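What follows is a single structure, written as structure tokens, with notes after it.
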Amino acid sequence: MAELPSGLLEACLVLGAPSDKLRDIYQLHQQNKLKEPPLLDAEVLQVHAPPFVTKETNSNQAIGPAFSRVQRRRSFIKKKRRDRVAETSSNGDTANRSEVSSATEDISVPKDLDLIALPHLCFPGGLQLANEQKEDSYHFLVFTDLFGNRTHGVVVQYYRAVQSCQESAVQNGHRWTSSKSRLYAPFAVCIISKFPYYNALRECLSCLLVQLRPARQADIEETIKEFSAKLSLVPLPPPGQLHVSFSLRPLQVVLPSREDQDSPVIDIDLHLPFLCFTHTTLLQVLSCLLQEQRLVLFSSDWARLTLVAESLLLYLQPLCWQQPYVPVLSGGMLDFLMAPTAFLMGCHISHFEEVAAETEDLILVNVDDGIIQSSGSETIDLPAVPLSAAESFISRAECLQLHYDLELCHLGVGTDANALRCQRRDWQRRLNSQIQNIALELVVNIFRDVQDFLNHEHRVFNSEEFLRTREPADQSFYKKVLETHIFHSFLRDRLNRKRDTFSRMEQNTRNNGHRNRAMTDTPRRPPMSDLSRTGYSSYASPSDRLSKRLGASLPNLEQPASDSMTAISISRPASFRRMTPDIGLKLPQKAVKVFRLPEFPPPLAYHYVQNYYSDMVGSLGKAINATPPEESALLARYHYLRGLVNTVSNKRLDALEDFQSLYKTDSEIFPSQMVKSLVDSLPEAERLQADRRPELKRLISRVKRDQEREQASHGNGHEEDAVKRFKLPKKYMQLEEFVKCVQESGIVKDHGTILRLFDALTVGHQKQVGPELFSVFYTIWKETEAEAQEVCLPASVLEHIEPSECVFKLSSSVKTSRGVGKIAMTQRRLFLLTEGRPGYVEVAQYRDLEEVKVSSAPFLLLRIPSLKLRVRGRKEAFEANLKTETELWNLMVKEMWAGRNMADQHKDPQYMQQALTNALLMDAVVGSLQSSKAIYAASKLAHFDRIKTEVPMMVPKTTAETLKHKINPSLELAAPQPVDVLLYTLGQLWVSVSGGKVMVFDASSWSLTHTCQVGNAKLNCMLGVDKDQVWMGSEDSVIYIISMVAMVCNRQLTEHRGEVTGLALDTDKYSQKVAYSCSAEGTVMVWDVSTLQVKRHFRLSCDRLVSVTGWNGKLWCCSRDSIMEVWRNGSLKHRLNLPEQQKGATLTFSSLLLLTEREELWSVCVDSGEVCIWCMKEPTKPFHRVVLQDCTGCYCMIKVKNQVWVGGVGRSSTKGKIYILDTERRVVLKELHGHSDKVTALCSAEDRYVLSGAGKHDGKIAIWKVE
């Protein structure tokens, strides 16, 4: 049986005093034997739960309508009710009552429903009879099961007059009533739902009471049953911007949707806590929740307790409260407050003094008065939220407009109640969105830096280092928070790289934040995590950046490094800018659509319900047809809703077809579990029908494939939950353990550097590192880092250095040839920080050094070791009497000098960063060894200085002149990853590395702006289809579509059966834009770009089809064994083979290029160093060949201006090479050496720059100037 989606209603219950008890009380009341109305025990009187309507003619129906979930029910036997019916029936009602009794004798109820506790919660103040009619009152409940799943209840208490048997009898021909002796009993109607639709369900109950007030006692049960059945027919809206509304006269009720799959439903007024508490008190309450204290809320209003508690927990999203949570405790449940664990509970204000006196260590929150205190005193002694985050929150909160009346000042008086409610709802939605934004920013500001102390590979969080880097005043807060369940769960999500609201805001504000800090704060040494993240562009000299003459399509490339933040924020939507109090509340609101359900069927009969579902499917079909293809997100919601309705009305194949449509519209809301359940429940006949429908066959095979993959990875599933804290080792470590320990510590990730560090620490003894030595090394590293962060440079010094420069090492005070002071080492230069009045004396920029050596300076009869530097353009050498530090500074400066030279030659800023890391490691090694071998050990880390000495790596002049810059996408990884695909779109570079990881770099600064995961398989091709779509073909046979504006991958084309290898754009014979895709087994598909529908497809006979290109009404397809010219209908016109292939040689084509203006076709092979040129009119054999010198194979080829660039691999050195050919003369113009592995990808940036990517031994991207 398929698992059905949860509907709005799980159950509807009626609770109150039993009728026999009421009769007895009433008789005593009539006899004036009651001084005051008594307090009675409530009972469950009625339970109404789906299914309400079933198809009697088909008892073995797998799925019933009305969201039936029979398999999850248990029976509720109401013996007392049956007995009472017989006793209390009179005046012709006996038969009717018996019928009701038999119908409700065995009722199925949700298995998690606690019928024993429910009466206490529905009457938390007790069931009190009254002498006069009282107002209806509403309150809200939350139930939590053993697994932490929550169910929600909305309760209305209403009063009805108690009527005895005698009262309803006719005496002397007249109905006897006596208003003086009236007695009123409260009844409660409770709606249970899986989702917190508090406002909507309150409106539903308000509509129900309109029907109940005039109803006869005999009709009440049927009225409530019919009401429940209607609610069970209501489907829940899918995540996104489509709400659902339905009519329950006299109101139109709206169910708001969740923002996305991982977000909760929000159907309450989130500003209520802002009305109850000052901003400071509100922050105190949130701080207590984050520290998992024992919190009790108090109020005189039961409803207020739940609404405030729910709002507070929503403020913490995406952090989830995992401790006991009971927002409403009745008087008999106060013993819950004795629980030793953290909790959040709510009590009536009348119990405040009792609770405060009887229990210890509670945080007591008086919601009515807006006061927070502990049970022992009137204050709370707990750490506050970090000051900077709190100040930002308060400044934002002060901007909120919390009073709806101010919105109405300029409006007239409305006459339509539903219109007024709609107006209020829109205002509340906007305000809720602003509050969520402010609360989320608070959470991001508190936990923003956690990401920097995570090691994803080993799933480690370096908590000690995280704490050490917090402000002293905030450390006590973080110490408590880091030990909580709520934080542990948050850490697990970060290690799993979960894409939630936190990660999106953190990433959108991170890049600009780091740039802002560089421009505004005093530069201090950043932690290595900052260093590696900013290393993409930090050390690129201004001359290495892109040309100032580039056009506007490469945005703001003329900006210097310090202006890059402004440049990027201007070219991005407002939502991507750093949030400030003045713009934070003005984020654009997404347009919301409301889908109105048909009117409910009058009689609850099976065929009427089926007609209702049919009407709903028809309405959704009309909505789908009326929605343009570009509104794909809205289309997805309509398809989802229709799939839901088809599921519950037993149209399984139609439901699967709707869910299949989500791949092309918004795959993020694809209901995997529901579809899996549907597929598993298909009868044989329907399975055969599905196999005859290609799109359903694809869906079913994909579901099965995903199931197999899930089962295969199930054994490793526990890894996703593991979170370790970094701890110093307690035993000796061999190389493998040492590598893991260093990576976990966050010192450095690069495998090669760690190997050199291991050699340095094990010089002269057995190849293992002891726990004491590592502890000393780690401590010195962190202390040096902390000391450097404390260096505060005066303004007179700052004006001489770059905004992004930091002091990484400061010597002791020494005498130098330029005065007395401390030598400071930054990533760009050495300077002297003179003593007395601090001043700046330039020593040298690393690129200007000509000689670095150890010398000695005379002092009386002694000679003191000194460091001597010769600088280009200066006659006199600089000498510093560094004494015992001389040898270390000699090693460090030489390494920085060599790294600077390497970075300049290769236009690769990472060399400078790596040299800096090496120098800092040398410092820590010397400090930790403290022996005669310390300097020799440190020299093991002099990586670039050794390379310069042993193998002078001069870059060829042609390469040096053409190469402008390098990017390393594998910067934060332990080892390089191959660059699979490159794509340039307006101002952005898209890079695909192994396993479906896509990185997006800003072309103005080559800084990383976004990272997203596209499937889990390697990507073979990318294509910019229009201003907002990038298509990506994957090895897993799917074409993924990324939105460039939203930076989300939420659409997929799943028609291919093999790995997608090529993508291309063209126009068809009607001048409409079409896209071509091909897959390895030979299938070519033609796509309508606007609708994402396949216009036609065909299959070619070949060995691994690798690319497709359209021109002049024909397609040119390249496979490993041939090149094919194909008509648009798929019929083959020509098949091209090389003469060598015809003679049996195994040459493999890798790429083809059409030079349409010359009517030439150029091809290359992976196992040949030749470029073959064919005539497109008579392509029998290549009419010309260009031999590429010292080349064993070519992998990619692009045309730029009148040049063809070919990427390949060298014969003698197996290093990557790029050959630039002239298209007219067909000769090699240049040979470029820029990679240490084969060149696997090429792309052009507007014919002004070419970008090349290399294989896994290099893993870098080179940026070349086009002449």
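FYI, the numbering for the sequence shown is 1028 to 2294, going by our numbering.
Virtual Cβ for every residue (Gly too), placed ideally from N, Cα, C.
Since the structure is predicted, the reported quantities are computational estimates derived from the model, not experimental observations.
Reference residue i, options the options, closest by Cα
i       : options                            : result
GLN1872 : ARG1897, ARG1664, GLY1866          : ARG1897
SER1377 : GLY1358, THR1386, LEU1389, ASP1362 : GLY1358
TYR1165 : ARG1177, ASP1172, GLY1152          : GLY1152
VAL1766 : LEU1788, VAL1750, LYS1751, SER2190 : LEU1788
LYS1757 : ARG1729, CYS2202, GLY1797, VAL1730 : GLY1797
VAL1182 : PHE1174, ALA1411, ASP1443, HIS1147 : HIS1147
ASP1396 : LYS2160, ARG1331, GLU1812, SER1883 : ARG1331
VAL2072 : GLN2015, SER2117, GLY2109, SER2106 : GLN2015
SER2031 : LEU2119, ALA2272, ARG1973          : ALA2272
ILE2150 : PRO2206, GLU2197, SER2117          : PRO2206
ARG1720 : SER1694, GLU1684, ASP1733          : GLU1684
VAL1392 : ALA1411, ASP1479, GLU1418, PHE1304 : PHE1304
ALA1076 : LEU1049, LEU1140, ASP1047, LYS1048 : LEU1140
ARG2155 : LEU2182, ARG1864, PHE2125, PHE1493 : PHE2125
LEU1042 : LEU1210, ILE1247, ASP1388          : ILE1247
GLU1878 : ARG1623, GLY1863, ARG1864, ARG1899 : ARG1899
Short Cβ contact (8 Å threshold) for residue i with residue j
i       : j       : result
ALA1044 : LEU1145 : no
ALA1215 : GLN1184 : yes
ALA1739 : LEU1680 : no
VAL2006 : GLY2286 : yes
LEU1322 : ILE1390 : yes
SER1338 : LEU1299 : yes
LEU2300 : MET2049 : Because the chain spans 1028 through 2294 in this model, residue 2300 falls outside it and cannot be assessed.
TRP1808 : ILE1781 : no
LYS2257 : THR1843 : no
VAL2213 : VAL2198 : yes
SER1490 : ARG1752 : yes
SER1503 : PRO1410 : yes
Where residue i falls, given that 16 or more other Cβ within 10 Å makes a residue buried
i       : result
ILE1597 : Caution applies to ILE1597, whose pLDDT of 29 falls short of 50 and renders its modelled position unreliable; the model cannot decide the point.
LEU2297 : Outside the shown range of the chain (1028 to 2294) lies residue 2297, about which nothing can therefore be said.
ASP2274 : exposed
GLN1160 : exposed
TYR2276 : buried
ALA1601 : Confidence at ALA1601 is low in this model, with a pLDDT of 32, below 50, so its placement is unreliable and the value that follows should be read with caution. Exposed, by the Cβ-count rule.
GLU1711 : exposed
PHE2210 : exposed
ASP1047 : exposed
GLU1922 : buried
Check: residue i C-beta below 7 Å from any heavy atom of the ligand FAD
i       : result
LEU1820 : Of ligands this structure carries none, so the ligand FAD is not represented either.
- Is the region 2131-2138 touching the region 2171-2187 in the sense that three or more CB pairs, one from each, lie closer than 8 Å? Short answer: they touch.
- Message: Tell me whether the region 1953-1971 and the region 2001-2016 touch, counting them as touching only if at least three CB pairs, one residue from each stretch, are closer than 8 Å.
- Response: The answer is no - the region 2001-2016 does not touch the region 1953-1971, with fewer than three Cβ pairs under 8 Å.
- Task: Please confirm if the region 1297-1314 is in contact with the region 1630-1650, defined as three or more CB-CB distances below 8 Å between the two stretches.
- Result: Cβ pair count under 8 Å is below three, so no.
- Query: Could you give the uninterrupted runs of the alpha helix (DSSP H) lying entirely in the region 1977-2042, keeping only those of 4 residues or more?
  - Reply: With a minimum length of 4 residues, the continuous alpha helix (DSSP H) runs that stay inside the region 1977-2042 are 1984-1989.
- Message: Using 8 Å as the cut-off, can you tell me whether the region 1916-1926 makes contact with the region 1944-1952, which would need three or more C-beta pairs spanning the two stretches below that distance?
- Response: Yes, the region 1916-1926 is in contact with the region 1944-1952.
- Item | the region 1350-1357 contacting the region 1368-1383, beta-carbon criterion three pairs below 8 Å | A contact exists between the region 1350-1357 and the region 1368-1383.
- Stretch-stretch touch, CB-based, cutoff 8 Å, three pairs: the region 1262-1273 with the region 1655-1663: Contact between the region 1262-1273 and the region 1655-1663 is present, because at least three Cβ pairs lie under 8 Å.
- Unbroken alpha helix (DSSP H) runs of length 4 or more, entirely within the region 1451-1536: which are they? Runs found: 1490-1495, 1502-1508, 1512-1522.
- Query: Counting Cβ pairs closer than 8 Å, one from the region 1227-1245 and one from the region 1052-1068, do we hit at least three?
  - Reply: Contact between the region 1227-1245 and the region 1052-1068 is absent: fewer than 3 CB-CB pairs across the two stretches fall below 8 Å.
- Message: As an exercise, report each continuous alpha helix (DSSP H) stretch of at least 4 residues that is fully enclosed by the region 1677-1721, in chain order.
- Response: If we require 4 residues or more, the alpha helix (DSSP H) runs fully inside the region 1677-1721 come out as 1679-1692, 1699-1708, 1711-1718.
- Message: Three or more C-beta pairs under 8 Å: does that hold for the region 1989-2001 against the region 1829-1846?
- Response: Verdict: no, contact absent.
- Cβ contact check for the region 1719-1735 and the region 1447-1458: 3 or more pairs under 8 Å: Contact between the region 1719-1735 and the region 1447-1458 is absent: fewer than three C-beta pairs spanning the two stretches fall below 8 Å.
- Message: Count Cβ pairs between the region 1629-1639 and the region 1470-1487 that sit closer than 8 Å; are there 3 or more?
- Response: Segments in contact, no.
- Counting pairs of Cβ atoms below 8 Å between the region 1431-1440 and the region 1491-1511, do you hit three or more? Counting Cβ pairs under 8 Å, fewer than three are found: no touch.
- Contact between the region 2016-2025 and the region 1519-1528: three or more CB pairs below 8 Å? They do not touch, by the three-pair rule.
- Message: I'd like the ranges of any beta strand (DSSP E) spanning at least 3 consecutive residues and lying wholly in the region 1324-1391.
- Response: The qualifying runs are 1370-1375.
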